[in-house]
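Inspection log for the structure reproduced underneath, given as structure tokens.
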Amino acid sequence: MNRTVVVVGGGYAGSLVAKALDADADVILIDPREAFVNAAASLRALTQPDWAPNAFFSFATLLERGRVLRDRAASVDPRGVTLASGERVEADYLVLATGSGYTYPAKPHHGSTSIAEQLGDLRETHQELAGTHRVLILGAGPVGLELAGEIKEVWPDKQVIVVDRTDQLLPGFLPEVQDDLRRQLDKLGVELHLGTGLTALPTIDAGRAGHVAVTTDRGDEIVADIWFRAFGVRTNTDYLADGTLTPLTEQATVPVTERLNVQGYDHVYAIGDIAALPDPKMASYAMTHAEVVVQNITAQLAGDQPGTVWSPTAERRILLPLGTHGGAGQLPTPDGAAPATAQMVYERKGADLFTAKFASRFSNPRRSINDWD
Ligand SMILES: Cc1cc2nc3c(=O)[nH]c(=O)nc-3n(C[C@H](O)[C@H](O)[C@H](O)COP(=O)(O)OP(=O)(O)OC[C@H]3O[C@@H](n4cnc5c(N)ncnc54)[C@H](O)[C@@H]3O)c2cc1C
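If you're matching positions, the sequence shown starts at 1 in this note's numbering and goes up one per residue.
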């Protein structure tokens, strides 16, 4: 008799697990969205509406045998999942992979779950942005800077101003990478205000054209025609807050063992951004977690002991495109971390923002490898 594997959340990690186990188990994937959202593509989806559909991959094309339930987990216990609709899904194995929310447009609005709604939101914000001249971005992390690069690619004459409390770009990465990024941003004409915050947030909504007037802690006045919030990741673990399954950490992440089991349960796993691991909250790490869990559940389905363990990655990696022409990055090599050239960033990410790789996951039912880089 086939065993049932229930995967909660069909992001980078969950969709990989669901697909990899589809042939060997009865897979049920639960996600309120109609499609997998390739967040890496969402900022270009804002600036280039004709290209925007590339960021979405319908769940209908993911599984050959398994089912996708378009619903939200409301609570999870060791036997299964209670959905927001009230429906109950029993599981032999449970994989929690609900990831994190990020402010729109980096990730979709919470309430927009269909492809049409998400494309509609992006088109509307594109129209607001298109008519403006000065754009203020709060947050100089990878998301804020990628947004600056995508805006400059489409509208080189727009004035783009980025403000952040930290005084360093890409803290923790190699100084050469930081310097390269800074040089490219200067060349694009992106105006950076680092080491300072705002005395108050703009009074108009983010992503709406209008008069934006703010003052930095240093007393600089900044005027813009639209602003975007590029900070504030939120872990999607509300459905575990009742503590039925496990207590969450102070950061609202899920404590896991080295095999990525939720502590106390050999048949329940938590992976990706929600796992309480030192890994950066990035898709590449989420997919590495997914591969560990695929190995372990495959062993369990065969009646063997699961033996694959997660191991920490010593070197940090990043690919930060600035549109299709530039970008900075850092990649692991046998000799340690090394800077990536703009050409490497273009080839590995900037050219299509991984669209081809996910097209493969969502159209070839037997493929399940972590093909992030
Ligand atoms: C603009 C941007 C660019 C990025 N670029 C990169 C990059 O180049 N490289 C990289 O490694 N990382 C990148 N990241 C980070 C990456 O997006 C995240 O680390 C990644 O999404 C985490 O994957 P995940 O599988 O844990 O969850 P997610 O991809 O966040 O997926 C979670 C899924 O769970 C679903 N869900 C949520 N709550 C529930 C619930 N209660 N019930 C059922 N389903 C639920 C959601 O709808 C979603 O489909 C980027 C992030 C952003 C915002």
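In this text, a Cβ means the ideal position worked out from N, Cα and C, and glycines have one as well.
Check                                                                                                                  : Outcome
From ILE297, MET282, GLN251, ARG316, residue whose alpha carbon lies closest to that of VAL268                         : ILE297
GLY149 - DSSP class collapsed to helix/strand/coil                                                                     : helix
Sequence-distant residues of the same chain with beta carbon closer than 6 angstroms to THR196, five excluded per side : THR216, ASP217, ARG218
Length at least 3, wholly inside the stretch 165-195: the beta strand (DSSP E) runs in chain order                     : 191-194
Best match in GLU128, VAL89, LEU62 for proximity to SER363 [C-alpha to C-alpha]                                        : LEU62
GLU250 at chain B interface by Cβ criterion, 9 angstroms                                                               : Included in the structure is just one protein chain, with no chain B present.
In DSSP terms, what ASN261 is bridged to                                                                               : TYR269
Where GLN159 sits in the DSSP three-state scheme                                                                       : strand
PRO255 Cβ short of 8 angstroms to ligand 1 heavy atom set                                                              : no
Which listed residue (LEU319, PRO332, LEU331, ALA340) has its alpha carbon closest to that of PHE354                   : LEU319
Three-state class that DSSP yields for ALA347 in the structure shown                                                   : The sequence given here places Glu at residue 347; Ala does not occur at that position. Helix, per DSSP.
Coil, strand or helix - ARG291 by DSSP                                                                                 : Just to set this straight, residue 291 is Glu in the shown sequence, not Arg. Helix at GLU291.
Nearest-angstrom Cα separation, counted from ALA55 out to ARG234                                                       : 21 angstroms
Under the three-state DSSP convention, the category ASP373 falls into                                                  : For ASP373, the predicted structure reports a pLDDT of 44, less than 50, and the residue's modelled location is therefore unreliable. A value from the coordinates is still provided. Of the three classes helix, strand and coil, the one that applies to ASP373 here is coil, per DSSP.
Residues that TRP227 bridges to, as DSSP identifies them                                                               : LEU136
Exposure of HIS211, with buried meaning 16 or more beta-carbon neighbours within 10 Å                                  : exposed
Top-ranked residue by Cα proximity to GLY425, from ALA340, VAL309, ALA359, TYR239                                      : This structure cannot speak to residue 425, because the chain is shown only from 1 to 373.
Rounded separation between GLY243 and PRO278 - CA only                                                                 : 22 angstroms
Environment of LYS187 [buried if 16+ CB atoms lie within 10 Å]                                                         : exposed
Residue from GLN184, ALA74, MET1 whose Cα sits closest to the Cα of LEU145                                             : GLN184
Cβ shell of ALA13 (< 7 angstroms), same chain only, five flanking positions each side left out                         : ALA97, ILE271, GLY272, ALA286, MET287, HIS289, ALA290
Strand pairing of ASP26, partner residues [DSSP]                                                                       : THR4
GLU146 CB to nearest heavy atom of ligand 1 below 8 angstroms                                                          : yes
Close beta carbons around LEU317, own chain, < 7 angstroms, minus the five adjacent residues each side                 : Per the sequence presented here, residue 317 reads as Arg, with Leu not at that position. SER284, GLN330, LEU331, PRO332.
The stretch 115-135 touching the stretch 34-52, judged by at least three CB pairs closer than 8 angstroms              : yes
Which residues DSSP lists as bridging ILE222, in chain order                                                           : VAL214
For VAL37, the residue or residues it bridges with in DSSP                                                             : PHE56
Segment contact, 8 angstroms Cβ cut-off, at least three pairs: the stretch 248-267 with the stretch 149-168            : no
Status (buried if at least 16 other CB within 10 Å, exposed otherwise) for SER360                                      : exposed
With 16 other Cβ atoms within 10 Å as the buried cut-off, status of GLU150                                             : buried
ARG72 classed as buried or exposed, judged by whether at least 16 other C-beta atoms fall within 10 angstroms          : buried
DSSP state of SER75 mapped onto helix, strand, coil                                                                    : strand
Distance CB(ARG65)-CB(ASP31) smaller than 9 angstroms                                                                  : no
The stretch 101-109 / the stretch 221-234 touching (three or more Cβ pairs under 8 angstroms)                          : yes
Buried versus exposed call for MET1 [16 or more other C-beta atoms within 10 Å across all chains shown]                : exposed
Near ligand 1: THR249 beta-carbon under 8 angstroms from a heavy atom                                                  : no
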